[in-house]
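Asker: Next up is a structure, given as structure tokens.
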């Protein structure tokens, strides 16, 4: 597994995936309406969810701290209320760096592993990226073990922990009264996902958790993914099916005694590459993740 991860690390660092340095002054925040009171903000990093109403603004994930003013301006276009709550779906920098800016004005909520990761600091090994211990304002104020509900803006907002998925810190946020879900990075819509295997993630665990989520929602559910455009039930099902199909392909080749280089050279079916291979990761990188996950 170590060889597989080292090869993958080189590819991802060269690709400059999530943790590359960014000139944030050129980033714009785009607002997508989900329902009359729920929105998705797209900028740099993980998609932000916004709930508006008489109780104030609930924000899901915070992207990067240098974007805070732009994010605030986008939120002001939707509501004249203060940002009251922030929920972090997991600890990765592109979803939590903005906590430093918003944590002083809002109550930050996350799984207990998120607080532990941000308080102590952590390394994202595949990107050779050190996330140093974060200041107090950036740390979650309220943590939970399995699930937690926030009653705000006429919604019960259920936050559920899904272990061994993208990382060991992942939560999914369900707006029970509006049939909306923010998956965090359990869904990279329309692209191969980054699964942080040294960070407690696993493709097999992700598949199992997606099966649970698919049973909890329905075909009318609107989905805010961690990355990519707004989604629906079928998009999540197609993503899950791609994970299963590509895992099976790589597993079969491992069973035949093929090396990682040979598995990469054999590639994946053209229809998979055409649909899923145009995002953060190319097909060789995704095969590397599958290989590392299957051998862990």
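In my numbering, the protein residues as written are 7 to 302.
The C-beta atom is built at its ideal place from N, Cα and C for all residues, glycine as well.
Keep in mind the model is a prediction, meaning the values are calculated, not measured.
Spatial neighbours of residue 146 within its chain, please: C-beta separation below 7 angstroms, excluding the five flanking residues on both sides.
Answerer: Correct list, in chain order: 94, 114, 115, 116, 120, 121.
Asker: So, do the region 140 to 155 and the region 192 to 205 have three or more beta carbon pairs nearer to each other than 8 angstroms?
Answerer: The region 140 to 155, when compared against the region 192 to 205, does not touch it at the 8 angstroms Cβ threshold.
Asker: By the 10 Å Cβ neighbour count, where 16 or more other Cβ atoms means buried, how is residue 272 classified, buried or exposed?
Answerer: By the 10 Å Cβ count, residue 272 comes out exposed.
Asker: Kindly indicate which residue of 36, 92, 127 has the alpha-carbon position closest to the one of residue 156.
Answerer: Cα-wise, what sits closest to residue 156 is 92.
Asker: Less than 8 angstroms between the CB atoms is what I'm expecting for residue 192 and residue 215, so what's the real figure, rounded?
Answerer: Right, the Cβ-Cβ distance comes to about 6 angstroms (below 8 angstroms), so this counts as a contact.
Asker: Can you tell me whether residue 40 is buried or exposed, with buried defined as 16 or more other CB within 10 angstroms of its CB?
Answerer: By the 10 Å Cβ count, residue 40 comes out buried.
Asker: For residue 128, which residues of its own chain have a beta-carbon under 7 angstroms away from its beta-carbon, when the five flanking residues on both sides are left out?
Answerer: Once the five neighbours on either side are set aside, the close Cβ partners of residue 128 are 97, 137.
Asker: Ignoring anything shorter than 4 residues, give me the alpha helix (DSSP H) runs that lie fully in the region 154 to 223, in order along the chain.
Answerer: With a minimum length of 4 residues, the continuous alpha helix (DSSP H) runs that stay inside the region 154 to 223 are 209 to 222.
Asker: I want to know whether the region 273 to 281 touches the region 214 to 233 - three or more CB-CB distances under 8 angstroms.
Answerer: Short answer: they don't touch.
Asker: For the beta strand (DSSP E) holding residue 54, just list the boundary residues, first then last.
Answerer: Counting along the chain, the beta strand (DSSP E) containing residue 54 begins and ends at 54 to 57.
Asker: Counting pairs of beta carbons, one from the region 53 to 71 and one from the region 246 to 253, are three or more of them closer than 8 angstroms?
Answerer: In short, these stretches do not touch, since the Cβ pair count stays below three.
Asker: Assuming residue 226 contacts residue 185 under a Cβ cut-off of 8 angstroms, what Cβ separation, rounded to an integer in Å, is found between them?
Answerer: Between residue 185 and residue 226 the Cβ distance is about 6 angstroms, and since that is below 8 angstroms, they are a contact.
Asker: Would you kindly work out how many angstroms separate the C-alpha atoms of residue 195 and residue 37, rounded to a whole number?
Answerer: One C-alpha to the other measures close to 17 angstroms.
Asker: In terms of alpha-carbon separation, which member of 108, 210, 152, 35 lies closest to residue 168?
Answerer: Nearest of 108, 210, 152, 35 to residue 168, Cα basis: 152.
Asker: So for residue 150, helix, strand or coil by DSSP?
Answerer: Strand.
Asker: Alpha carbon to alpha carbon, what distance is there between residue 262 and residue 64?
Answerer: Whole-angstrom Cα-Cα distance: 50 angstroms.
Asker: Could you check the C-alpha separation between residue 83 and residue 58 for me, to the nearest Å?
Answerer: Distance between the alpha carbons of residue 83 and residue 58 is about 11 angstroms.
Asker: Candidates 61, 76, 187: which alpha carbon is nearest residue 89's?
Answerer: When each option's Cα is compared against that of residue 89, the closest is 61.
Asker: Pull the bridge partners of residue 128 from the DSSP assignment, please.
Answerer: Residue 128 pairs with 137.
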